[in-house]
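**Student:**
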Amino acid sequence: MSRDYSLGEIAAYLGGELRGDAETRIIGLNTLQSAGEGQLSFLANPKYVKYLSGSLAEAVLLTADTAKTFKGCCIVVRDPYLAYAQISAWFDASQKKSFGIHATASIHAAATVADDVYIGPNVVVEADANIDSGCHLEANSFVGAGSSIGANSFVGANVSIYHDVEIGSGAIIHSGAVVGADGFGIAPKPDGGWQKIHQIGGVTIGDNVEIGACTSIDRGALQDTRVGNGVKLDNHVQIAHNAVVGDNTAMAAYSGLAGSAEVGSNCILAGDVCVVGHIKVCDNVQITARTLVTKSITEPGSYSSGATPLMPTAEWRRNSVRIGQLDKIARTVNKLNKE
Amino acid sequence: MSRDYSLGEIAAYLGGELRGDAETRIIGLNTLQSAGEGQLSFLANPKYVKYLSGSLAEAVLLTADTAKTFKGCCIVVRDPYLAYAQISAWFDASQKKSFGIHATASIHAAATVADDVYIGPNVVVEADANIDSGCHLEANSFVGAGSSIGANSFVGANVSIYHDVEIGSGAIIHSGAVVGADGFGIAPKPDGGWQKIHQIGGVTIGDNVEIGACTSIDRGALQDTRVGNGVKLDNHVQIAHNAVVGDNTAMAAYSGLAGSAEVGSNCILAGDVCVVGHIKVCDNVQITARTLVTKSITEPGSYSSGATPLMPTAEWRRNSVRIGQLDKIARTVNKLNKE
Amino acid sequence: MSRDYSLGEIAAYLGGELRGDAETRIIGLNTLQSAGEGQLSFLANPKYVKYLSGSLAEAVLLTADTAKTFKGCCIVVRDPYLAYAQISAWFDASQKKSFGIHATASIHAAATVADDVYIGPNVVVEADANIDSGCHLEANSFVGAGSSIGANSFVGANVSIYHDVEIGSGAIIHSGAVVGADGFGIAPKPDGGWQKIHQIGGVTIGDNVEIGACTSIDRGALQDTRVGNGVKLDNHVQIAHNAVVGDNTAMAAYSGLAGSAEVGSNCILAGDVCVVGHIKVCDNVQITARTLVTKSITEPGSYSSGATPLMPTAEWRRNSVRIGQLDKIARTVNKLNKE
């Protein structure tokens, strides 16, 4: 299925300088350690430089600096990692399917579906939904009433998109993701128990957003939950009702925003970072794994909490129990220090 | 699609005192800051009182106290947040579908399905399952053999309900949720590896339970996993085999109960709270975000662990490393204090 | 539906010594406290020995030691918990369905499907996929192009398996699980935003692997993500691209491996354990709940971090704030200690 390409056309596409034979055929990508005949590799992380000279790769993407002492075939680019990312699409074996609507799909008569789309078996598109040009909706996915999906988007198998959700162009939504389920809105009743707050807002998602497997983005209580352009969400992410994710922010697996939390643009949330409700994180903030963001962050930079040192369990127990005594310890230290 | 209502009928429904024109038409709900013509708002959180006087809302739900100085149109109620929750259903644009069974649904001949239900495309209902009056089963959902779903329940698209699961009336089960998958039961084999323990219990869920997107409730090993009446589960919640959730308890996103853990009634578990296996939490307990409940709780109240202060990463590293020295520090402090 | 068995045949299957009437009929399994007529129970945990003498179980699985003083009917086995696990399959009411392919299933003409399989309603099997003998694919599940599923595997309703995923024999994959979605691969662009790295590796999963509900295993960036034989994954687990899980390792709910993390064989990760990217955990390691594994582990044993003592919230706040002062406290202690 996969095509092969000449080094010359690859170098031209990447805007890199080819040092080697432009006619050499490249059939795949691989790491320096594993690459073999016909495979292109790259050196992005300095710690892998030790694998460069022994690599059997047909050619390597290098910076001008690393290329200096390299005797093999290479393409010199400014950023080898970015160049590898750019060329990766050429070697993606997951071919887009031919356009067409499978006979078992249920498309409501009042839905608007472009001609050049792939709609797989058992896909359901409800009334007033809009599926734009170039979209691929994989098998058993669901698009609720009044929702729209922008051009050239991919919706994986078993994805659920509720009603009145607006998704921009170029989206990639992976299997098991849920967009537009009710936010967790409940009000305590005087006699005990909870009164459901109907979630009458929607979800607005910008262009070029990727949504990972089993990730959920809830609809807003009154206004929309908002995800900006270029946002990248990993698997098992939770975006609660009325949360806001700024443009180009990336959130790794298990990271979540509680209700009405706002995260700015160009932020990076590592795995399992949770942001509590109704606080704001400004632009250009990085947050390390497993941090609980309990208050607003107003200055760009890197922030942390929570992740304590790894150690043998017995040692951890001895130290952990002291955390419960910490206030007393601190008071004693203060007292001793004063004396 | 959405209807409009008179202020008079809204006030009557809420049992509130209307101060304004009963004939005024209300077409929607919104926040104080965003509400405009024809929209009803509410003041629940004192920190938003600053937005009251400038609000363009057609009318506002207020307490007698906040209404005193308010010159606009309002409905005086005991609890404006509850009143907003109660009236929210009137403005929910996600119309229930007309009753009927889609031609592509697969309903087993030995299943019992009430006449007045909506069953969407590709829904599968297996043998001996029972779907009660007023239920809505959205597209591509699955109900396994012998399971029953009580009256007026909503089952979202791509929900999976395994065999022999009993769900009460008024349930709301969001897309991607899984009820009745096998509990994580494995026994170590003498020669290494694991012997699966078949999970032969079921799941029993009470009335008026909401289950969030991508939430899982496992079936019991021998007896049933049990979820009480009025329980509200957010997204990505995990209820392991034989866990018990008491009536009206609410669990926010990522909170989970390990096997055979029991949480009482009227508890609130904030986000990412995990309760380890085989322990009990009594009624009326609140647990703050990201707490790991490692031992039983026998007294009502608020409990915590885990969430440490947020700070710049460099500062966190300096402090975090000290946690690994904490036992030694504490011993030194004790020694110095004795001296 | 469920069959009944004689104590004699059960004892023979387990290789145990029967003390009682071999003709006694057993219709089910239950705990010591709840078992009644016709039910078999077991004593595995010494803390339940108090329930033994009063149990109404028809027979009990016991060790030679606990059997000494027991007057009732019992089967003496080396490991009662393992014996219970082994016999549990006999009492599993979730009958495997008869072989056959439902009329609504969409099986691509270029897929290879064994004759003796069950393929439920709306199941989709794409081109060049291979479904081996004895497999059960439940309703609305999806198997992408070129993927293969080994003999006697169970694929739950609404499971999504992407293209080019290889799964061994005897797999159990629960509803909502996603195998082969794109890894979270993005490269920063010089002008801001992210360049997607197409994930051109696959997923290789060994034999006898169980994958829990809502669990995701991403495909590799260049090479395959690998899950060994006998691996057991609970619900909401995340295996990121190019991670490696060694044979017979078990991971409880919410535990996750970041990209290229490697965990050895026979490890046990408790709930919510996360392993950061590009590190290695050796064989025979146990990691306690909620630990963040931030560095490689090279010696077998038990490791921990993170889970601090549970306490009333007010007390926690007093202690927690001191964590932010810990470096200062430690310096003061050191100074005082030197003086």
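Residue numbers (my numbering), protein chains in the order written: chain L, 1 to 339; chain B, 340 to 678; chain E, 679 to 1017. Virtual Cβ for every residue (Gly too), placed ideally from N, Cα, C. Every value quoted in this text rests on a predicted model; they were computed, and no experiment measured them.
1) From the DSSP secondary-structure annotation, give me the bridge partner or partners of E/His814.
2) Starting from the C-beta of E/Ser684, find all residues in its chain whose C-beta is less than 8 Å away, skip the five residues before and the five after it, and write them out in chain order.
3) For E/Arg995 and E/Cys952, what's the separation of their Cα atoms in angstroms?
4) Is it a yes or a no for the segment 216-228 of chain L touching the segment 600-608 of chain B, going by three-plus beta-carbon pairs under 8 Å?
5) Expressed to the nearest angstrom, what Euclidean distance is found between the alpha-carbon atoms of L/Ala151 and L/Ser133?
6) Run the CB neighbour count on L/Glu138, radius 10 Å, all protein chains shown included, and call it buried at 16 or more, exposed below.
7) How many whole angstroms separate the CB atoms of B/His513 and L/Asp182, which I take to be in contact at a CB cut-off of 8 Å?
8) Going by beta carbon distance, what residues of the same chain come within less than 8 Å of L/Glu339, once the five residues before and after it are set aside?
9) Would you say L/Asn334 reaches chain B, if we count a Cβ-Cβ gap shorter than 7 Å as a contact?
10) Can you tell which of B/Ser394, B/Thr402 and B/Lys435 has its C-alpha closest to the C-alpha of B/Ala422?
11) Closer than 7 Å, Cβ to Cβ, to anything on chain B: give me those residues from the segment 851-862 of chain E, in chain order.
12) Tell me which same chain residues have a C-beta within less than 6 Å of the C-beta of L/Val293, skipping the five on either side of it?
13) Identify the contact partners of L/Asp272 in chain E, using a Cβ-Cβ distance below 7 Å as the criterion.
14) Counting along the chain, where does the beta strand (DSSP E) carrying E/Gln873 start and finish?
15) Would B/Asn384 be called buried (16 or more neighbouring beta carbons within 10 Å of its own) or exposed?
16) Which value, in whole angstroms, describes the spacing of the CA atoms of B/Glu654 and E/Leu1004?
17) Across the segment 917-925 of chain E and the segment 505-519 of chain B, are there enough close Cβ pairs to call them in contact, namely three or more that are closer than 8 Å?
18) With a 10 Å radius around its C-beta and 16 neighbouring C-beta atoms as the bar for buried, classify B/Gly545 as buried or exposed.
19) So B/Val624 and B/Pro648 are in contact, right, with Cβ under 8 Å, and what is the actual spacing, rounded?
20) Note down, in chain order, every chain E residue with its Cβ under 7 Å from the Cβ of L/Leu326.
21) What would DSSP say about B/Ser345, mapped onto helix, strand or coil?
22) Need the endpoints of the beta strand (DSSP E) that B/Val400 sits in, please.
23) DSSP three-state label for B/Met340, please.
24) Would you mind stating whether B/Gln538 and B/Gly524 have Cβ atoms separated by less than 7 Å?
25) Give the C-beta separation of L/Ala171 and L/Ile197 to the nearest angstrom, bearing in mind that I take them to be a contact with Cβ-Cβ under 8 Å.
26) Please state whether DSSP places L/Thr104 in a helix, a strand or coil.
27) What residues of chain B sit near E/Ser980, judged by a beta carbon separation below 8 Å?
28) Compare the beta carbon distance of B/Tyr420 and L/Ala187 with 7 Å and say whether it is the shorter of the two.
29) Just tell me which of E/Arg756, E/Gly906, E/Gly846 and E/Ala939 has its CA closest to the CA of B/Gly532.
30) For L/Ser94, return the contacting residues in chain E, with the cut-off set at a CB-CB distance below 7 Å.
31) Roughly how far, in whole angstroms, is the beta-carbon of E/Ala763 from the beta-carbon of B/Gln534, given that I think they are within contact range, below 8 Å?
32) Flag E/Gly716 as yes if its beta-carbon sits less than 7 Å from any beta-carbon of chain B, otherwise no.
33) Can you have a look at B/Pro460 and say buried or exposed, based on whether 16 or more other CB atoms are within 10 angstroms of its CB?
34) Exposed or buried, E/Arg681, counting other C-beta atoms within 10 Å across all chains shown (16 or more means buried)?
35) Using a Cβ cut-off of 9 Å, pull out every chain B residue sitting near L/Met311, in sequence order please.
36) Just tell me which of B/Arg629, B/Ser641 and B/Ala448 has its CA closest to the CA of B/Val620.
**Tutor:** According to the structure data:
1) E/Tyr796 and E/Phe832, per the DSSP bridge assignment.
2) The residues are Ala700, Glu701, Thr702, Arg703 and Ile704.
3) Approximately 25 Å, taken between the alpha carbons.
4) The segment 216-228 of chain L, when compared against the segment 600-608 of chain B, does not touch it at the 8 Å Cβ threshold.
5) Between L/Ala151 and L/Ser133, the C-alpha separation is close to 5 Å.
6) Result: buried.
7) About 7 Å separates the beta carbon of B/His513 from that of L/Asp182, a gap short enough to meet the 8 Å contact definition.
8) Nothing meets the Cβ criterion.
9) With a threshold of 7 Å between beta carbons, L/Asn334 makes no contact with chain B.
10) Of B/Ser394, B/Thr402 and B/Lys435, the residue nearest in Cα terms is B/Thr402.
11) Per Cβ criterion, the list reads His852, Ser853 and Gly854.
12) The beta carbon of L/Val293 is closer than 6 Å to those of Val275 in its chain, skipping five residues each way along the sequence.
13) For L/Asp272, the C-beta contacts it makes with chain E under 7 Å involve Cys952, in order along the chain.
14) Trp872 to Lys874 is the extent of the beta strand (DSSP E) around E/Gln873.
15) Flag for B/Asn384 reads exposed.
16) So the alpha carbons of these two residues sit roughly 10 Å apart.
17) They do not touch, by the three-pair rule.
18) Counting Cβ neighbours within 10 Å, B/Gly545 comes out buried, since at least 16 surround it.
19) Wrong, their Cβ atoms sit about 24 Å apart, outside the cutoff.
20) Going along chain E in sequence order, the residues near L/Leu326 (Cβ under 7 Å) are Asn997, Arg1000 and Ile1001.
21) B/Ser345 falls in the strand class under three-state DSSP.
22) Here residue 400 of chain B turns out to be Leu, not Val, going by the sequence shown. Per DSSP, the continuous beta strand (DSSP E) segment holding B/Leu400 begins and ends at Ala398 to Leu401.
23) Residue placement at B/Met340 cannot be trusted, given a pLDDT of 46 that sits under 50; what the coordinates show is reported in the next sentence. Here B/Met340 sits in coil by DSSP.
24) Against a cut-off of 7 Å, the Cβ pair of B/Gly524 and B/Gln538 comes out as a contact.
25) Contact between L/Ala171 and L/Ile197 is ruled out by a C-beta separation of about 28 Å, above the 8 Å threshold.
26) DSSP places L/Thr104 in coil when its eight states are reduced to three.
27) Going along chain B, no residue has its Cβ under 8 Å from E/Ser980, so there is no contact; the nearest lies around 15 Å.
28) The Cβ atoms of B/Tyr420 and L/Ala187 lie closer than 7 Å to each other.
29) When only C-alpha atoms are compared, the closest one is E/Gly906.
30) Listed along chain E, the residues sitting closer than 7 Å to L/Ser94 by beta-carbon distance are His841.
31) Right, their Cβ atoms sit about 4 Å apart.
32) No Cβ of chain B is located within less than 7 Å of the beta carbon of E/Gly716.
33) Label assigned to B/Pro460: buried.
34) Exposed.
35) Result: Gly663.
36) For B/Val620, the nearest C-alpha among the options comes from B/Ser641.
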